[in-house]
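Quick note on numbering: the working numbering labels position 89 of the sequence shown as 295, and the sequence is numbered without any gaps. The beta-carbon is built from N, C-alpha and C at its ideal position, and this holds for glycine as well. Written out below as structure tokens is the structure these notes cover.
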Amino acid sequence: MAIIAITGRKVGIGKSTIAGNLAAEFEAMGRTVVLLDADPQHSLVAWAAQGDGMLSRCVQKVSEGDGEGVREAARKAAKETDIVLIDTPPGMPQTAYDAAMAADLVLLPCGPSPLDIFALKEALSLTLKARA
């Protein structure tokens with residue numbers, strides 16, 4: 207079992223897309239997957255509701271602003287599945303911070319611009335603080 211959080215400061219850098227694609231790839235590898243959608247937009251929940259594919263079976267909605275709920279949901283899912291992915295809101299709100307604390311691995315997607323690199327440095331600093 208592994209818990210992977212996908213987080214970052216910037217909006218629109220692909221956190222939800224990465225989370226969904228990782229879920230699909232892990233399932234294709236024969237792993238069981240739970241994808242926790244902790245982003246207040248709940249894009250993955252909406253995407254999963256469009257059909258009866260893999261995402262409709264593995265995406266679970268986590269309430270906005272409920273950091274403790276993210277940790278508890280991740281721990282519970284980790285007991286029952288191979289891979290837990292957590293899609294977090296942009297910025298580093300408490301929910302993202304708590305997801306980083308629960309995770310075995312934190313992915314920090316980043317765009318190619320200097321502003322993106324600056325935001326990455328902030329997110330990395332907060333992630334390291336959460337992991338300390």
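The Cβ atoms of Val-268 and Val-276 sit closer than 8 Å to each other.
DSSP places Asp-245 in the coil class of the three-state scheme, outside both helix and strand. Residue environment analysis places Lys-335 among the exposed positions, since fewer than 16 neighbouring C-beta atoms fall within 10 angstroms of its C-beta. Across the set Gln-256, Val-217, Phe-232, Pro-299, the C-alpha of Phe-232 shows the shortest separation from the C-alpha of Leu-291. Annotation: the continuous alpha helix (DSSP H) that includes Thr-301 extends over 300 to 308. Here the C-alpha atom of Arg-237 lies approximately 7 Å from the C-alpha atom of Ile-289. By the Cβ test, the stretch 253 to 263 is not in contact with the stretch 300 to 312, since fewer than three Cβ pairs between them sit closer than 8 Å. For Ala-283, same chain residues with a beta-carbon under 6 Å away, outside a window of 5 residues either side, are Val-240, Val-290 in chain order. When the five nearest sequence neighbours on each side are left out, the beta carbons in the same chain lying within less than 7 Å of the beta carbon of Ala-225 are those of Ile-212, Leu-241, Leu-250, Leu-291, Asp-293, in order along the chain.
Residue environment analysis places Asp-310 among the exposed positions, since fewer than 16 neighbouring C-beta atoms fall within 10 angstroms of its C-beta. Secondary structure of Gly-214 (DSSP, three-state): strand. For the set Lys-216, Ile-209, Met-207, the Cα lying nearest the Cα of Lys-327 is the one of Lys-216.
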